[in-house]
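Visitor: When you read off a place in the sequence shown, starting at 1, and then add 817, the result is the number in our numbering.
Glycine is no exception: its CB is placed at the ideal position from the N, C-alpha and C atoms.
The model shown is predicted, which means the values in this text are computed figures rather than measured ones.
Have a look at this one before I ask anything.
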Amino acid sequence: MRENDLLTRTFEFGVNCLIFLRKLPNDSESKLIRFQLGKSATSIGANYEESQAGSSKADFRNKVKIALREARESNFWLRVLEKLDGYDSDEFKFLLKESSELKNILAAIVNNTKL
818 MRENDLLTRT FEFGVNCLIF LRKLPNDSES KLIRFQLGKS ATSIGANYEE SQAGSSKADF
878 RNKVKIALRE ARESNFWLRV LEKLDGYDSD EFKFLLKESS ELKNILAAIV NNTKL
């Protein structure tokens, strides 16, 4: 995978999560999840985007580590939604799978970046 592909995937993941979140009910649990998942899902791409202009390998790795933490958090909130409401749509399954794949990709980048 080229870096530009990952920039696109992280951006699209954030946007697709925001689109999905519009469909959640307006109860207090959903509001909490909408806020938390909205922040973490968009932060993955924002931090990975910032990593591309890192001033050093350490700066690059740090930004990717932040993106990884946000991917882990996004995956957590999606799993909470799955457990609470049993979401089973293709859209939801894609988001859950993509969050897991992004976690794995970002972790590999962190682990393979030598300082």
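Straight-line CA distance for G855 to G831?
Guide: Within the sequence shown, the letter at position 38 stands for residue 855. Within the sequence shown, the letter at position 14 stands for residue 831. One C-alpha to the other measures close to 7 Å.
Visitor: Give me, in chain order, the residues of the same chain whose beta-carbon lies closer than 6 Å to that of E820; leave out the 5 immediate sequence neighbours on both sides.
Guide: As a first step, residue 820 must be located in the sequence shown, where it is residue number 3. Because E820 sits at a pLDDT of 49, beneath the cut-off of 50, its placement in the model cannot be relied upon, and the following sentence gives the value as read from the coordinates. The answer is none, since no qualifying residue turns up.
Visitor: Exposed or buried, what is G862 when buried is set at 16 or more other beta-carbons lying within 10 Å of its beta-carbon?
Guide: Within the sequence shown, numbered from 1, the residue matching residue 862 stands at position 45. The residue in question, G862, is buried, as its Cβ has 16 or more Cβ neighbours within 10 Å.
Visitor: So which of G903, S860 and Q869 has the shortest CA-CA distance to L885?
Guide: Here residue 885 is taken as the residue at index 68 of the sequence shown, counted from 1. Among G903, S860 and Q869, the Cα nearest to that of L885 is on S860.
Visitor: If we ignore side chains and look at the alpha-carbon of each, how far apart do K931 and A924 end up?
Guide: Stepping through the sequence shown from its first residue, residue 931 is reached at position 114. Stepping through the sequence shown from its first residue, residue 924 is reached at position 107. When rounded, the distance between both Cα atoms is 13 Å.
Visitor: If contacts are defined as beta-carbon pairs under 8 Å, then T827 and L919 qualify, I think. What distance do you get, rounded to the angstrom?
Guide: For the purposes of this step, residue 827 is taken as residue 10 along the sequence shown, with counting starting at 1. For the purposes of this step, residue 919 is taken as residue 102 along the sequence shown, with counting starting at 1. 7 Å between Cβ atoms; contact.
Visitor: What does the Cβ neighbour count give for N929, buried or exposed, with the cut at 16 atoms within 10 Å?
Guide: Locating residue 929 in the sequence shown gives position 112, counting from the first residue. Per the 10 Å Cβ criterion, exposed.
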